[in-house]
Structure formats: structure tokens, C-alpha cells
Amino acid sequence: MNALLSKYPEQVEQILARYPADQKRAAVMPLLYLAQAEDNYVTKQEIADIAEIVGISDTDVVSIIGFYTLYHDEPGGRYRIQVCTDLPCALRGADQFLKNLCENIGVRVGETTPDGLVTIESVMCLAGCHRAPMFQLQGDGDIAYHENMTVEKTLALIEELRRHVKTGEAAHD
Amino acid sequence: MTEQTTFLLRHRAVPNIDQLDVYRANGGFEAFKKVVTSMQPADVLAVVKDSGLRGRGGAGFPTGVKWGFLPNNIWPHYVVANADESEPGTFKDREIMESNPFQFLEGLMIASYAVGANLSYVYLRGEFWQIARGLDEDIAALEAAGLLGDGLFSTQYSLRLRTHLGAGAYICGEETALLESLEGKLGQPRLRPPFPAVYGLFGKPTVINNVETLTNLPPILDKGAAWYKSLGTEKSPGVKIFSLSGCINRPGNYELPLGVTFRELIFEHGGGVPEGRSVKAFMSAGASSTIVMADDTALDTPMDYESTQGNLNAPLGSASVIILDDSVDMAWLVDKTVHFFRHESCGKCTPCREGTYWMGHLTHRITHGKARPEDIELLDTVAAQMQGKCLCALGEFSTMAVRSGIEKFRADFEANVRRAAHG
Ligand SMILES: Cc1cc2nc3c(=O)[nH]c(=O)nc-3n(C[C@H](O)[C@H](O)[C@H](O)COP(=O)(O)O)c2cc1C
Ligand code: SF4
Ligand code: FES
Numbered sequence: 001m002n003a004l005l006s007k008y009p010e011q012v013e014q015i016l017a018r019y020p021a022d023q024k025r026a027a028v029m030p031l032l033y034l035a036q037a038e039d040n041y042v043t044k045q046e047i048a049d050i051a052e053i054v055g056i057s058d059t060d061v062v063s064i065i066g067f068y069t070l071y072h073d074e075p076g077g078r079y080r081i082q083v084c085t086d087l088p089c090a091l092r093g094a095d096q097f098l099k100n101l102c103e104n105i106g107v108r109v110g111e112t113t114p115d116g117l118v119t120i121e122s123v124m125c126l127a128g129c130h131r132a133p134m135f136q137l138q139g140d141g142d143i144a145y146h147e148n149m150t151v152e153k154t155l156a157l158i159e160e161l162r163r164h165v166k167t168g169e170a171a172h173d
Numbered sequence: 001m002t003e004q005t006t007f008l009l010r011h012r013a014v015p016n017i018d019q020l021d022v023y024r025a026n027g028g029f030e031a032f033k034k035v036v037t038s039m040q041p042a043d044v045l046a047v048v049k050d051s052g053l054r055g056r057g058g059a060g061f062p063t064g065v066k067w068g069f070l071p072n073n074i075w076p077h078y079v080v081a082n083a084d085e086s087e088p089g090t091f092k093d094r095e096i097m098e099s100n101p102f103q104f105l106e107g108l109m110i111a112s113y114a115v116g117a118n119l120s121y122v123y124l125r126g127e128f129w130q131i132a133r134g135l136d137e138d139i140a141a142l143e144a145a146g147l148l149g150d151g152l153f154s155t156q157y158s159l160r161l162r163t164h165l166g167a168g169a170y171i172c173g174e175e176t177a178l179l180e181s182l183e184g185k186l187g188q189p190r191l192r193p194p195f196p197a198v199y200g201l202f203g204k205p206t207v208i209n210n211v212e213t214l215t216n217l218p219p220i221l222d223k224g225a226a227w228y229k230s231l232g233t234e235k236s237p238g239v240k241i242f243s244l245s246g247c248i249n250r251p252g253n254y255e256l257p258l259g260v261t262f263r264e265l266i267f268e269h270g271g272g273v274p275e276g277r278s279v280k281a282f283m284s285a286g287a288s289s290t291i292v293m294a295d296d297t298a299l300d301t302p303m304d305y306e307s308t309q310g311n312l313n314a315p316l317g318s319a320s321v322i323i324l325d326d327s328v329d330m331a332w333l334v335d336k337t338v339h340f341f342r343h344e345s346c347g348k349c350t351p352c353r354e355g356t357y358w359m360g361h362l363t364h365r366i367t368h369g370k371a372r373p374e375d376i377e378l379l380d381t382v383a384a385q386m387q388g389k390c391l392c393a394l395g396e397f398s399t400m401a402v403r404s405g406i407e408k409f410r411a412d413f414e415a416n417v418r419r420a421a422h423g
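Residue numbers (our numbering), protein chains in the order written: chain Y, 1 to 173; chain X, 1 to 423.
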């Protein structure tokens with residue numbers, strides 16, 4: 001039984017409908033996003049499910065995950081804060097911003113906070129160079145831009161995420 | 001000062017133009033209706049050819065000529081909008097899609113009609129997740145309004161649009177890597193020929209155009225080729241969005257006729273450099289361009305395809321102008337650009353994969369006080385040896401800042417090396 005398909009039957013069908021009927025393989029990228037939506041990484045089972053839906057091998061799916069930076073096959077933080085430190089942003093203080101942010105949170109670039117809430121990463125240009133320092137927040141099946149940022153605003157955002165997760169869990173109990 | 005135009009960034013003149021009813025109340029989809037109901041595809045192509053519109057994604061290739069390469073004996077045809085926008089310093093397509101999305105979609109629809117495509121795609125970089133969702137809603141609104149679907153305006157013509165998200169890979173902006181990615185494969189460039197015009201998406205004839213290129217089409221079909229040619233320069237007609245970033249007081253997008261000078265963009269529109277510093281250099285096409293020393297000749301050069309390349313040996317490309325003030329160490333800058341290309345090399349061919357690796361090794365050594373004097377020459381040699389040997393343009397791009405930086409700002413590199421000797 002294909003777990004991904006039984007969990008999201010409508011979404012899978014909608015994704016497949018976006019491509020010609022004989023080009024199912026094209027659905028692999030949107031399906032990876034779908035699999036990743038809940039916990040921000042793709043499990044082995046989901047890899048097998050996707051391979052089965054589009055008719056390619058598990059290895060093909062794994063190599064796609066490896067090629068593209070927005071897919072993850074290992075759990076990281078529930079959220080990823082990906083700070084752009086590419087040239088134009090760096091000219092507007094992005095490296096310093098990232099350094100100060102890390103010092104304040106007490107993690108290094110690439111690391112996750114002890115409570116598993118956020119991973120801090122450094123990434124290439126996000127097309128927000130005119131509003132540096134900036135980052136994208138990946139999580140909850142969404143990617144949101146946060147621009148013209150300060151360390152204070154970022155810390156406040158992290159606190160907000162922490163509260164959001166707590167109330168979410170409380171609601172589940 | 002040349003006034004900024006709003007033919008593309010029309011939301012700056014018309015509030016709420018991202019709403020379908022507002023866009024239509026301001027003439028939206030009249031051009032599309034006109035072409036579908038009263039023009040043959042070949043007529044549309046002729047107007048675009050006459051307008052002199054050139055691709056805004058980087059290469060500046062004439063749009064109408066490109067459309068004309070599609071063979072009429074292989075079907076279906078596809079149009080793919082390139083919304084990958086990943087060149088460092090480029091953020092224009094994003095503003096169009098966020099704030100004036102219907103004009104972009106109308107452009108894509110006009111292009112689709114002109115080449116006889118019934119299904120077209122928008123390929124967006126994965127980070128444009130929210131933009132893609134917005135476009136999905138806009139496309140649904142167009143279907144509901146009868147502007148997309150079967151038998152449009154009671155003709156035989158049918159058209160559907162779909163979005164497709166990439167997932168974080170600069171190389172997918174290169175058109176053949178983009179097609180691979182859209183087909184669900186690794187985003188690695190294809191060997192050419194065959195070219196996408198003949199063997200493109202799903203192996204069928206395909207046109208790939210940049211978002212900004214397509215956004216030019218509704219006003220061109222509306223106002224005519226002669227009107228468009230009256231803007232800009234003779235060989236680079238029309239308007240262009242310049243993304244201005246780096247050491248500048250007012251970074252942002254500026255829509256201006258092609259041919260305005262760098263000086264005007266930097267000082268009049270961009271408000272000059274902060275903290276009373278001076279402009280040391282600039283890059284005209286993001287991280288892929290050579291570094292241009294900002295002397296009077298450079299500043300007075302008109303920003304059009306011919307002058308920028310001819311006077312400055314730098315491409316106009318996507319017109320992403322990065323300003324570097326007198327505090328910027330060019331060795332540090334080159335380390336940044338090399339780091340970018342090393343990270344983004346798709347690894348398919350050896351000169352680029354190995355070359356960017358070695359260049360990154362050397363620039364890191366130079367900027368971290370560990371270099372020997374001969375490392376500067378070695379870096380230049382590695383870059384020189386890559387040139388002309390890479391499968392796609394990314395490899396070539398990665399050498400631009402390196403070679404021009406060493407040529408024009410060798411003192412910056414030497415200062416880094418001296419620090420190593422003393423440290
Ligand atoms: C490494 C590389 C990256 C590119 N990135 C983009 C991009 O992000 N957006 C874009 O429109 N074109 C990009 N291009 C250019 C495309 O290959 C192609 O020429 C362009 O989309 C054609 O559209 P146009 O004729 O409307 O400019 C890139 C090219 C290369 C070699
Ligand atoms: S030049 Fe670089 S990016 Fe282009 S195909 Fe070769 S390895 Fe890939
Ligand atoms: S360099 Fe950071 S968004 Fe472009």
C-alpha cells in the first residue's frame with residue numbers, strides 16, 4: 001500500500017494532472033515537497049512511495065534529493081532559517097548579521113538549537129539583495145521571506161515560532 | 001534625469017493591479033484578446049520581431065527570431081517562462097510576479113498563441129514558493145473568467161498554464177538544465193545541438209523566455225512595434241529593469257529606457273554611495289560579470305547591450321548592477337563569487353567542477369592569510385584554463401570576476417598575500 005498516496009490522495013492526483021499523462025516523472029519534485037510538508041524532511045518510506053507513483057527507482061529519487069538544496073533526507077530543525085550571505089547581501093552586512101545571530105542563539109552555522117526548533121544555515125542569493133540582511137524561513141510546508149532584518153527581530157521571530165509549536169502540541173494532546 | 005517608466009512595473013503607477021478586475025479595467029487582456037481573435041500567429045511573431053525586443057534573461061537574443069526557430073512539423077509546442085531568477089544581485093522578475101502578475105501571465109499567453117502552444121509552464125525557483133501559490137490562484141481566476149481553457153473567445157484556440165517549482169539550484173536557470181528539472185531529473189545542462197527550439201520540453205519544440213521578456217509583450221502588442229522602438233537605443237530598443245544592489249543608498253529596481261548611463265543609475269536614481277565613500281568598481285550583470293573599474297569612461301557608458309560589452313568588456317546580461325565602494329577588498333569579493341559558483345556547479349563536466357574547486361581553494365587561502373605570492377598567478381592560470389572548455393556558460397561565468405579582478409585590482413590580492421607573509 002502506498003502510504004503517501006493514501007495520506008494525500010487528492011493532492012497527488014492534482015500534482016499528476018499538471019503534466020502530460022505520459023510524463024509522470026515530472027511530478028517527482030512537487031511530490032517531494034508534498035512529502036516534506038509535515039516534518040521538513042523526506043523519509044525512506046516516502047522515497048519509495050514517490051518512486052512507485054512516478055515509476056522511477058528509489059535511487060533516482062535519492063539523487064534528486066541530493067542535487068537540490070531545498071530537499072532534506074535527514075531531520076533537521078523543525079524550521080530552517082536560511083540567511084543569504086552572497087555577495088550583494090554581504091556588502092550590506094549579512095556576514096556580520098549571521099555571526100551575531102549565531103552568537104545570540106548559541107549555535108554555529110549549520111547547527112540546530114538543542115530543542116530542535118531551528119537550524120541556522122547560510123545560503124546563496126535569494127533575490128532579496130536590496131533588503132539585506134534577509135533570510136528565508138523554511139518549515140510547515142512553506143517558505144517565507146524575512147527582509148530588512150535585525151538580530152532583535154529575528155530573536156523575536158524565533159520566540160514566536162517556539163510559542164506556536166508549544167500551543168500546537170498542546171492542541172494535539 | 002531620465003524619468004522612470006512603468007510599462008513593466010506598472011503596479012507603481014496603478015494601485016492593486018495585481019487584482020484581475022483592476023488589471024482588466026486598465027486594459028488588461030485586451031492585447032491577448034486581440035491576437036487570438038484577429039491575428040495569425042505569424043502576425044504576432046512579425047510584430048515582436050519588428051519591435052526589436054531582446055531576451056532579458058541574460059543573453060539578449062532577439063525574441064521574435066527565437067520563436068521563428070520552432071519547426072511546424074513537430075507538435076505539440078511548449079512555452080516555458082524562466083522564473084528561476086538566481087543570479088546574485090537580480091530581483092526584478094520577483095517584483096513583476098509579486099506585484100504585476102497578470103501582465104506577465106498575459107505575456108506568456110501571447111507567446112503561447114504565437115508559437116501554437118496549448119500548454120505552457122512557469123518554472124520558478126523553489127524559494128519563490130509563495131509567488132507560485134499566488135500565480136496558481138491567478139491562473140485559476142483566469143480559467144474562471146474564461147481567459148484560459150478551451151475555445152477561447154469562441155475560437156479554436158485552447159491554452160492552459162501550470163507552475164513548476166525548482167528546489168534550490170542556480171544552474172536550473174540555464175535553459176536546458178531547466179528543462180531537465182521540469183522533467184523531474186537532475187538539473188544538468190544538455191548537450192547541444194539539438195536546441196530546445198527543436199528538442200525541448202518532453203522532447204518537443206520549446207520556447208524559453210525570461211519573465212521580464214514576456215512582460216514586455218502586452219504593451220508591445222497593444223501599442224505597436226514602432227512605439228517600442230521609439231524607446232531605448234537603435235540596437236537595444238525598449239525599456240529594462242535594472243536591479244541595483246551593493247554599496248548604494250537606494251538599492252532597488254529601476255525601470256529605464258536602455259541606454260541610460262551607469263552614472264545616472266548610480267548617482268541620480270540610486271542616490272550614490274553611503275557614508276561619503278566613492279565608487280571603486282561595479283559589476284553589470286551580477287556575479288557572472290567582469291569587475292569594471294568605475295572611471296569616467298565606465299560611468300558614462302550607456303547601459304545597452306552593445307555599449308556595455310563594447311566599451312567595458314562586460315555583459316549587460318540581466319542588468320543586475322552591483323556597486324562596490326572604496327572599502328571593498330576585491331580579493332574578498334572574488335572569494336565570494338568563486339564560492340558561489342563552486343557551490344552551484346552542477347558537476348557534469350570536469351573543467352568546471354574541478355576548476356571552481358581549485359579556484360575556491362586558492363581564493364580561500366588568499367583571503368585567510370595563508371597564501372604564497374605565486375598563488376595569485378596560479379589562480380589566474382586555473383581560471384584561464386577553464387575558459388572555452390566548459391559545457392555550459394556557468395563555468396565561463398565563474399572565471400569573469402577572477403580574471404578581471406586580478407587584472408585590474410592586483411594590489412588588493414597582493415595586500416592579502418603580504419598579510420600572510422607578516423602573519
Ligand atoms: C548558469 C545560467 C543561469 C541562468 N539563469 C537564468 C535565470 O535565472 N533566469 C533567466 O531568465 N535566464 C537565465 N539564464 C539564461 C537562460 O539560459 C536563457 O537564455 C533565457 O531564459 C532565455 O530567455 P530570454 O531569451 O527571454 O532572455 C541563465 C543562463 C545560464 C548559463
Ligand atoms: S560548466 Fe559547470 S554548471 Fe555547466 S554543465 Fe559543466 S559542471 Fe555543470
Ligand atoms: S545576495 Fe542575498 S538575496 Fe541576493
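All C-beta atoms in this analysis are idealised placements derived from N, C-alpha and C, irrespective of residue type, glycine included. Please read these numbers as outputs of a predicted model, since none were measured by experiment.
Nearest-angstrom Cα separation, counted from Leu316(X) out to Ser284(X): 6 Å
Whole-Å CB distance - Ala76(Y) paired with Thr112(Y), under 8 Å assumed: Reading off the sequence, residue 76(Y) comes out as Gly, not Ala. Confirmed, Cβ separation roughly 6 Å.
Secondary structure at Leu333(X), three-state DSSP: helix, strand or coil? helix
Ile291(X) versus Ala314(X) - alpha carbon distance: 8 Å
Using only alpha-carbon positions, find the residue among Gln103(X), Thr233(X), Leu256(X) that is nearest to Val239(X). Leu256(X)
Count the CB pairs spanning the region 93 to 100 of chain X and the region 193 to 203 of chain X that are closer than 8 Å, and state whether there are at least three. no
Close beta carbons around Tyr19(Y), own chain, < 8 Å, minus the five adjacent residues each side: Ala26, Ala27
Per DSSP, Gly246(X) forms a beta bridge with which residues? Ile323(X)
Just checking: is the beta-carbon of Tyr19(Y) within a distance shorter than 9 Å of some beta-carbon in chain X? yes
For Pro62(X), collect the residues of the same chain with a Cβ closer than 6 Å to its Cβ; drop the 5 residues on either side in sequence, then sort them by chain order. Arg54
Apply the 10 Å Cβ neighbour rule to Val54(Y) and answer buried if 16 or more other Cβ atoms are within range, or exposed otherwise. buried
Under a CB-based cut-off of 9 Å, is His164(X) close to chain Y? yes
Check whether the region 166 to 182 of chain X and the region 147 to 156 of chain X touch, using three or more Cβ-Cβ pairs below 8 Å as the test. no
Report the neighbours of Lys336(X) on chain Y: residues whose CB is nearer than 8 Å to its CB, in chain order. Asp86, Leu87, Ala90
Give the straight-line distance between the Cα atoms of Ser278(X) and Asp325(X), rounded to the nearest whole angstrom. Between Ser278(X) and Asp325(X), the C-alpha separation is close to 6 Å.
Any heavy atom of ligand 2 within a distance shorter than 8 Å of the CB on Glu174(X)? yes
Taking all protein chains shown into account, decide if Lys99(Y) is buried (16 or more other Cβ within 10 angstroms of its Cβ) or exposed. exposed
Taking a cut of 8 Å between CB atoms, which residues from the region 241 to 274 of chain X lie near chain Y? Ser243, Leu244, Ser245, Gly246, Cys247, Pro251, Gly252, Asn253
Bridge partners of Ala83(X), per DSSP? Leu124(X)
Return no unless some Cβ of chain Y is closer than 9 Å to the Cβ of Glu137(X). no
Out of Leu299(X), Ala415(X), Glu3(X), Ser327(X), which has the shortest C-alpha to C-alpha gap to Val321(X)? Leu299(X)
Buried or exposed for Ile366(X), please, with buried defined as at least 16 other CB atoms from any protein chain shown within 10 angstroms of its CB. buried
Does any residue of chain X bring its CB to less than 9 Å from the CB of Ser63(Y)? yes
Contacts that Gly128(Y) makes with chain X (C-beta to C-beta distance below 7 Å): Phe91
Just to confirm, does His93(X) get its C-beta within under 8 Å of one of the non-hydrogen atoms of ligand 1? Checking the displayed sequence, the identity of residue 93(X) turns out to be Asp instead of His. Yes, ligand 1 has a heavy atom inside 8 Å of this Cβ.
Any Cβ of chain X within less than 9 Å of the Cβ of Met67(Y)? Looking at the sequence shown, residue 67(Y) is not Met but Phe. Output row for Phe67(Y): interface = yes.
Straight-line Cα distance separating Pro30(Y) from Trp332(X): 38 Å
Any non-hydrogen atom of ligand 3 within 8 Å of Cys247(X) CB: Look at Cys247(X): its beta carbon is at least 8 Å from all of the heavy atoms in ligand 3.
From the DSSP output, read off the bridge partner residues of Asn210(X). Asn82(X)
Any Cβ of chain Y within less than 9 Å of the Cβ of Pro88(X)? Yes, Pro88(X) lies at the interface with chain Y (some Cβ there is under 9 Å from its Cβ).
Contact set between Tyr170(X) and chain Y, taken where Cβ atoms lie within less than 9 Å: Met124, Cys125
CA nearest to the CA of Pro88(Y), picked from Ile64(Y), His130(Y), Leu155(Y), Asp60(Y): His130(Y)
Where does Lys240(X) fall in DSSP's three states? strand
Short CB-CB distance (under 9 Å) between Arg131(Y) and chain X: Residue-level contact by beta carbon holds for Arg131(Y) and chain X, with a gap shorter than 9 Å.
Where does Leu182(X) land, buried or exposed, given buried means 16+ other C-beta within 10 angstroms? buried
Below 8 Å on C-beta distance, what does Leu182(X) contact in chain Y? The answer, in chain order, is Ala26.
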